[in-house]
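Residue numbers (our numbering): 88 to 270.
In structure tokens form, the structure reads like this:
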């Protein structure tokens, strides 16, 4: 249970999506991506319970330890990698009051939201055409638009922590630390 949200936020704010191969002054961090995925999930399913929004925010939390790798590379590393990733995800879920096993419909929603974020990232940051992004990630959700502005690491970390605080309180999770750090 030596998992702290501050460590997760710190690590995710320093892990760049797309291995940092993006346009702009700052890399697009996994922390910023996680906030976007949670926002998209709430757009797709208005009224989504706070605990599932928290699960969406934490969907890549294991990457604070293992980094961000593309799915084909994860598959190439084999079962031991996947087993470790799943065990770490389970520990993170337990630590923050979420079920170890997320219901399939919520997993599908988070995956849909993750792919929508990847679509926007691909077009706006990684040089993909709209057609390429649609063919790889699908179309983004209707009536939703996103303009990505990659943030400096400190700001990405603070926004992730602030969102965690709001969602964890709404979900009824009580932290054992006296305060959240959202500087």
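No residue lacks a Cβ here, since even glycine has one placed at the ideal position from N, Cα and C.
What you are looking at is a predicted structure, and each value in this text was computed from that prediction instead of being measured.
What residues in its chain sit with their C-beta under 7 Å from that of residue i, if we drop five residues either side in the sequence?
i           : result
residue 118 : 96, 99, 100, 243, 244, 247
residue 257 : 137
residue 204 : 120, 123, 124, 127
residue 250 : 122, 125, 144
residue 266 : With a pLDDT of only 42 at residue 266, under the threshold of 50, the placement of this residue in the model should not be trusted, and no figure is reported.
residue 135 : 128, 129
residue 132 : 196
residue 193 : 139, 142
residue 75  : Since the first residue of the chain shown is 88 and the last is 270, residue 75 is not available in this structure.
Report the rounded CA-to-CA distance for residue i versus residue j, giving the unit in angstroms.
i           : j           : result
residue 211 : residue 236 : 9 Å
residue 185 : residue 216 : 37 Å
residue 89  : residue 129 : 30 Å
residue 264 : residue 255 : Bear in mind that the predicted position of residue 264 carries a pLDDT of just 49, short of 50, making it unreliable; the figure below should be weighed with that in mind. Roughly 13 Å between the two C-alpha positions.
residue 190 : residue 197 : 11 Å
residue 233 : residue 105 : 18 Å
residue 223 : residue 202 : 9 Å
residue 181 : residue 167 : 21 Å
residue 209 : residue 241 : 23 Å
residue 187 : residue 153 : 19 Å
residue 149 : residue 179 : 8 Å
residue 151 : residue 108 : 19 Å
residue 213 : residue 261 : 38 Å
residue 103 : residue 91  : 20 Å
Please list, in chain order, all residues of the same chain as residue i whose beta carbon is under 6 Å from its beta carbon, the five residues on each side excluded.
i           : result
residue 226 : none
residue 253 : none
residue 220 : 206, 209, 210
residue 231 : 130
residue 177 : 187
Is residue i near the ligand COA - that is, is its Cβ less than 7 Å away from at least one heavy atom of it?
i           : result
residue 175 : Of ligands this structure carries none, so the ligand COA is not represented either.
Name the DSSP beta bridge partners of residue i, please?
i           : result
residue 103 : 116
I need the boundaries of the alpha helix (DSSP H) containing residue i, first residue and last residue.
i           : result
residue 217 : 217 to 224
residue 140 : 137 to 144
residue 151 : 150 to 153
Can you name, in chain order, every residue of its own chain whose Cβ lies under 8 Å from the Cβ of residue i, other than the five neighbours on each side?
i           : result
residue 238 : 113, 116, 119, 246
At 4 residues or longer, what runs of the alpha helix (DSSP H) sit wholly inside the segment 167 to 254? 191 to 211, 217 to 224
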